[in-house]
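Numbering (mature numbering (1 follows the signal peptide of the UniProt record, and there is no 0)), first residue to last: -19 to -1, 1 to 436.
A virtual CB, placed ideally from N, CA and C, is assigned to each residue, including glycine.
Working notes for the structure below.
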């Protein structure tokens, strides 16, 4: 009986070992040292479901990037438990913690994708996770498999066995590529391993050790560009639906902006994923002396613009009606499958530039922004320079509130119209049923009368 009870455990461990073997066979070490200098082109993306069609890899390879950067959700490792009673009881926990063997299987499937294998054979890959490849939707430090998940994720990236990333609490990392005035520093933030619950307004994404590490990485760097990657959006705090972003922890968002402004880092570019559309957001600080830009690329396999008709309508209506003050232009959004790219021009005058683009499945540029290698400025006497940071477009609260009410009204009308149409259909079916019943009863009565006359 004991051996029978142990059978599921043995089978799970066997499955996990087999999948890990497949991962090891397909892995190559991350080798950014092999990149030809100076760095010219980097590609990046997020939200890639291993079970869906992955149409972007051939387009990405054709662009010949020198580096690929994962910004989170390289796979979808967590799962939904619709067959459990507690899913339908408050607080309605749909998602479940993904056990290690499930993560290993799903990473192995992604590593087995032929076109992704071709990219990995040519291009060094670095990256950081978000919630779905971490193992739990909106997950944080309470995820019970986080230590095992860390090792599995690093296996997926091909991180060497002795890497310091395997010993620390979280997968944050930095890479400096280039030298002598042509260096780019990539700073990858882990917003999962030490994340607090959102119920705590003073909660944190990073944890104190990562904050100290980040400060050292910024203040001691001489790189011409600093590319800072976060799995969730950093700058916008105007979203109608809260979702996941740094605005959920407003004190930590201010702390990050303060650190950026005080660090004297040059050429700061923020990258993020998570939201299943692409977008450019900006804040201006110290009366426009410093502008911080964030480029979001999300939705490699599924996006808002290609969702079901209702979600697509909500997305289009929201983008049409709401003011979106953090976007430099109202149209700085792209709702279909996409990936991002940075091209560095080291000969630009007076300073080197980085052109950040969002590209679609057709390989065409959908969004574009240029960042120069200049220092972020702040008033040396300001103890909290982040207080001067504002959305790049000024929108009054009455306008924002009115637009939000208008959007909710449109959604309400749509839902009301759908309910009215549904009720009309039900009413028509009931009327049709009654008439059919009456017709059949009348027909039966006539036939019965006819039989009586024949008798």
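Here the segment 210 to 220 makes no contact with the segment 346 to 357; the two share fewer than three CB pairs at distances below 8 Å.
With 16 or more neighbouring CB atoms inside 10 Å of its own CB, residue 281 falls in the buried class. Rounded to whole angstroms, the separation of the alpha carbons of residue 332 and residue 87 is 44 Å. In the DSSP assignment, residue 88 falls within the unbroken alpha helix (DSSP H) covering 81 to 92.
For residue 370, the closest C-alpha among the options 236, 58, 107 is that of 236. Straight-line measurement puts the Cα of residue 312 at about 16 Å from the Cα of residue 293.
Collapsing the DSSP output to three states places residue 203 in coil. Residue 109 is positioned such that its CB atom lies closer than 8 Å to that of residue 53. Within the same chain, 58, 116, 130, 133 come within 7 Å of residue 84 by CB-CB distance, once the 5 residues on both sides are set aside. Between the alpha carbons of residue 305 and residue 31 lies a distance of about 32 Å.
The DSSP-derived three-state label of residue 303 is coil. In the same chain as residue 359, and ignoring 5 residues on each side of it, the C-beta atoms closer than 8 Å to its own belong to 242, 243, 266, 267, 270, 271, 366, 369, in chain order. In this structure, the beta-carbon distance from residue 168 to residue 140 does not fall below 8 Å.
The alpha-carbon of residue 172 is positioned some 29 Å away from that of residue 375. Distance from the CA atom of residue 97 to the CA atom of residue 34, rounded to whole angstroms, is 12 Å. Note on geometry: alpha-carbon atoms of residue 230 and residue 211 lie some 14 Å from one another.
Here residue 310 is exposed, its C-beta having fewer than 16 other C-beta atoms within 10 Å. Residue 227 places its beta carbon 8 Å or farther from that of residue 249.
Here the C-alpha atom of residue 205 lies approximately 28 Å from the C-alpha atom of residue 344. When the five nearest sequence neighbours on each side are left out, the beta carbons in the same chain lying within less than 6 Å of the beta carbon of residue 159 are those of 18, 19, 20, 165, in order along the chain. DSSP, read as helix, strand or coil, puts residue 350 in strand. Leaving aside the five residues that flank residue 135 on each side, the residues in its chain whose CB is nearer than 8 Å to its CB run, in chain order, 144, 146, 147, 152. Within the segment 194 to 268, complete alpha helix (DSSP H) segments of at least 4 residues are found at 231 to 243, given in chain order. Relative to the Cα of residue 258, the nearest Cα in the group 124, 395, 317 belongs to 317. As computed with DSSP, residue 169 is found in a beta bridge with 154, 210.
Between residue 128 and the set 319, 39, 138, 175, the nearest pair of CA atoms involves 175. The DSSP-derived three-state label of residue 325 is strand. Residue 23 has 48, 323 as its beta-bridge partners, per DSSP. Going by DSSP, residue 41 is part of the alpha helix (DSSP H) stretching over 38 to 43.
Between residue 319 and residue 295, the gap from beta carbon to beta carbon reaches 8 Å or more.
Listed as beta-bridge partners of residue 277 by DSSP are 253, 260. In this structure residue 252 touches residue 208 by the C-beta definition: roughly 6 Å separates them, less than 8 Å. The continuous stretches of alpha helix (DSSP H) do not include residue 357, and DSSP gives it neither H nor E. As computed with DSSP, residue 134 is found in no beta bridge at all.
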